[in-house]
Amino acid sequence: MSGSSSMVILIVAAAVAVVVLVVLFRLLRAGRGREEEAGAAVTGGAAGPEAGAAAGVEEEVREAGAETGEAGESLSPAAAADGEAAAAAEPGAEPEEVPEPGPEPGAGAMPEASGEPEPEAEPEAAASGEAGAGTAVPAWESGDYQAALQRRKEHLQAELAEVLARRDSEGRSLLDIELRAVTGRLVRGEQSFAEFRAWCSAAADGLEEAAASTDIPGLARAVALLRAADLEAGEEALVELGRDSSLAALASHYAGRLAEERADFEPALQRYQEAIGLEGDDPRFLRAAAGLARELGRFDEARDWLERFFELPEDVGTSELRALARHDLGVVYAR
1402 MSGSSSMVIL IVAAAVAVVV LVVLFRLLRA GRGREEEAGA AVTGGAAGPE AGAAAGVEEE
1462 VREAGAETGE AGESLSPAAA ADGEAAAAAE PGAEPEEVPE PGPEPGAGAM PEASGEPEPE
1522 AEPEAAASGE AGAGTAVPAW ESGDYQAALQ RRKEHLQAEL AEVLARRDSE GRSLLDIELR
1582 AVTGRLVRGE QSFAEFRAWC SAAADGLEEA AASTDIPGLA RAVALLRAAD LEAGEEALVE
1642 LGRDSSLAAL ASHYAGRLAE ERADFEPALQ RYQEAIGLEG DDPRFLRAAA GLARELGRFD
1702 EARDWLERFF ELPEDVGTSE LRALARHDLG VVYAR
């Protein structure tokens, strides 16, 4: 009996042990499964952001590439050159060898030096200032004329500022008159230049007609500069021509006219006086001097020249010139 009980106990113990082992095995497998799932979850969670970021970067690169492709069609050659220069400046980039440009198609070889000095170019007649047929100078356009007047205006404004600082009323009066004159010519613009150019052409004809010979030094240059309507160099050439020639009076008168056009009235009046001193019976000289003197407020001088003008025979001078002189005389007498 006792033996049977012991056997039963052993069988039960064995069964319990088997059950315990089975339970432990299942628990072990379940634990491993959960660890694998957790590992997979961790791995997937870590890879997710990286994959998302990579996808985002790829999308940005794709969009940037599309934009670059569209903009690339409108890139200028200068922008393309800048891009190549930037790429070449990156570390590790090897500069490409640029082949030296060869001769252009159809270009011949450079001539070898012969060992003999080349003849120097002859100076242009216009630059030399000497008389000669064919003297040519660049013709002035309206822009050149207005630029010269603008320079004169700025010079007068600077002088006026100095005069105002000194409180010089007499100097201010002259500058005010000159500023009004040059400003008026600038305001009229093209019309002023057209009238000046027409006068210059007539003056050039007058010089050529009055010249006893075409060999007078400085004549060709003065005529050429007048035909070019050169307001600045023309005056200088006329002053030079008037120093010692049979055309001294006419040249001085024309030089005064150019100075008056620039609104440089003191030298202009001086040139007019020089012309009158050489040929006091020329109505053109008398009327020009009187008109400018009247404008400057020198009424006594203007009256003297106008009275001399009307002492000349009536057939001397054009009707237009006499009408201008009569107007000036009326203004002077009214003062």
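For the sequence shown, the working numbering puts the final residue at 1736, and the numbers step up evenly by one. Glycine included, every Cβ here is placed at the ideal spot set by N, Cα and C.
* Distance, Cα to Cα, Ala1634 vs Glu1715? -> The C-alpha of Ala1634 lies about 36 Å from the C-alpha of Glu1715.
* So, do the region 1663–1670 and the region 1614–1625 have three or more beta carbon pairs nearer to each other than 8 Å? -> Touching, no.
* Between the C-alpha atoms of Ala1623 and Tyr1734, what's the straight-line distance to the nearest angstrom? -> Distance between the alpha carbons of Ala1623 and Tyr1734: 38 Å.
* With a cut-off of 8 Å on the beta carbons, I'd call Ala1604 and Val1538 a contact; round off their distance for me. => In fact, because the Cβ distance is near 15 Å, the residues do not count as touching under 8 Å.
* **For Val1538, the three-state DSSP class (helix, strand or coil)** => Correct three-state label for Val1538: coil.
* Asked: Does the region 1687–1699 come close enough to the region 1668–1679 that 3 or more CB-CB pairs lie under 8 Å?
  -> Yes, the region 1668–1679 touches the region 1687–1699.
* Where Ala1664 sits in the DSSP three-state scheme -> In the structure shown, Ala1664 adopts coil according to DSSP, grouped into three states.
* Proximal residues to Leu1707 (C-beta, below 8 Å), its chain only, five neighbours per side dropped -> Around Leu1707: Leu1687, Arg1688, Ala1691, Ala1726, Asp1729, Leu1730 and Val1733.
* Can the beta-carbon of Arg1685 be found closer than 8 Å to that of Leu1722? -> Closer than 8 Å, so yes.
* Is Leu1561 closer than 8 Å to Leu1580 when the C-beta atoms are compared? -> Contact: yes.
* Straight-line gap, Ser1720 to Leu1713 (C-alpha atoms, nearest Å) -> Roughly 13 Å between the two C-alpha positions.
* **Residues near Glu1525 in its chain [Cβ-Cβ closer than 7 Å; skip 5 each side]** => For Glu1525, the predicted model reports a pLDDT of 38, less than 50, meaning its position is unreliable; a value from the coordinates is still stated below. Closer than 7 Å at Cβ, skipping near neighbours: no residue.
* Asked: Are Ile1578 and Glu1696 close, meaning C-beta to C-beta below 8 Å?
  -> Glu1696 is positioned such that its CB atom lies closer than 8 Å to that of Ile1578.
* To do: Could you tell me which of Ala1724, Leu1627, Ser1407 and Gly1718 sits nearest to Asp1682, measuring between CA atoms?
  => Nearest C-alpha to Asp1682: Gly1718.
* Asked: Three-state secondary structure (DSSP) at Ile1677?
  -> In the structure shown, Ile1677 sits in a helix (DSSP, three-state: H, G or I).
* For Ile1410, does the three-state DSSP call read helix, strand or coil? -> Note: Ile1410 maps to helix in three-state DSSP.
* To do: Would you mind giving the Cβ-Cβ distance between Glu1661 and Leu1693, rounded to the nearest angstrom? I have them listed as a contact below 8 Å.
  => 6 Å between Cβ atoms; contact.
* To do: Report yes if the CB atom of Tyr1655 is closer than 8 Å to the CB atom of Phe1597, and no otherwise.
  => Cβ distance not < 8 Å, so Tyr1655 and Phe1597 don't count as in contact.
* Taking the continuous alpha helix (DSSP H) assigned at Asp1631, which residues delimit it? -> Per DSSP, Asp1631 is not a residue of any alpha helix (DSSP H), being assigned neither H nor E.
* Reduced DSSP secondary structure (H/G/I, E/B, other) of Val1588 -> Assignment of Val1588 by DSSP, reduced to helix, strand and coil, places it in the helix class.
* Could you give the distance in angstroms between the alpha-carbon of Ala1549 and the alpha-carbon of Ala1611? -> Near 29 Å, if we compare the C-alpha coordinates of Ala1611 and Ala1549.
* Asked: How long is the line joining the alpha carbons of Trp1541 and Ala1652, rounded to whole angstroms?
  -> Spanning the two alpha carbons is a distance of roughly 20 Å.
* Residue environment, Gly1657, which counts as buried when at least 16 other CB atoms sit within 10 Å -> Its Cβ being crowded by 16 or more others within 10 Å, Gly1657 is buried.
* Leu1659 and Glu1636 look like a contact to me (Cβ under 8 Å); what is the Cβ gap, rounded to whole Å? -> By a beta-carbon distance limit of 8 Å, Leu1659 contacts Glu1636. Their separation comes to about 4 Å.
* Drop a sphere of 10 angstroms on the beta-carbon of Ala1638, count the other beta-carbons inside from all chains shown, and report buried for 16 or more, exposed for fewer. => The C-beta of Ala1638 has 16 or more other C-beta atoms within 10 Å across all chains shown, which makes the residue buried.
* Helix, strand or coil: which one does DSSP assign to Arg1685? -> Of the three classes helix, strand and coil, the one that applies to Arg1685 here is helix, per DSSP.
* To do: For Pro1478, I'd like the list of residues in its chain whose CB is within less than 6 Å of its CB, leaving aside the five on either flank, ordered along the chain.
  => Confidence in Pro1478 is poor, its pLDDT being 35 and thus under 50, which makes the residue's placement unreliable; the coordinate value appears in the next sentence. Around Pro1478: no qualifying Cβ.
* Asked: Which value, in whole angstroms, describes the spacing of the CA atoms of Arg1568 and Arg1553?
  -> Between the alpha carbons of Arg1568 and Arg1553 lies a distance of about 22 Å.
* State the DSSP-derived secondary structure class of Val1717, mapped to helix, strand or coil. => In the structure shown, the three-state DSSP call for Val1717 is coil.
* To do: Would you kindly work out how many angstroms separate the C-alpha atoms of Ser1602 and Ala1649, rounded to a whole number?
  => Rounded to the nearest whole angstrom, the C-alpha separation of Ser1602 and Ala1649 is 19 Å.
* Which whole-angstrom value describes the C-beta separation of Gly1572 and Val1564, a residue pair presumed to lie in contact below a C-beta threshold of 8 Å? -> Confirmed, about 4 Å.
* In terms of alpha-carbon separation, which member of Ala1566, Ser1543, Ala1724 and Leu1576 lies closest to His1556? -> Comparing Cα positions, the closest option is Leu1576.
* Whole angstroms is fine: what's the gap from Arg1736's alpha carbon to Ser1614's? => Those two C-alpha atoms are separated by around 46 Å.
* **Selection from Gly1698, Phe1700, Arg1699 and Arg1709 that minimises the alpha carbon distance to Val1678** => According to the sequence shown, residue 1678 is Gly rather than Val. That would be Arg1709, whose Cα lies nearest to the Cα of Gly1678.
* Run the CB neighbour count on Ala1447, radius 10 Å, all protein chains shown included, and call it buried at 16 or more, exposed below. => Low local confidence applies: a pLDDT of 40 at Ala1447 is under 50, so the model's placement there is unreliable, and no value is given.
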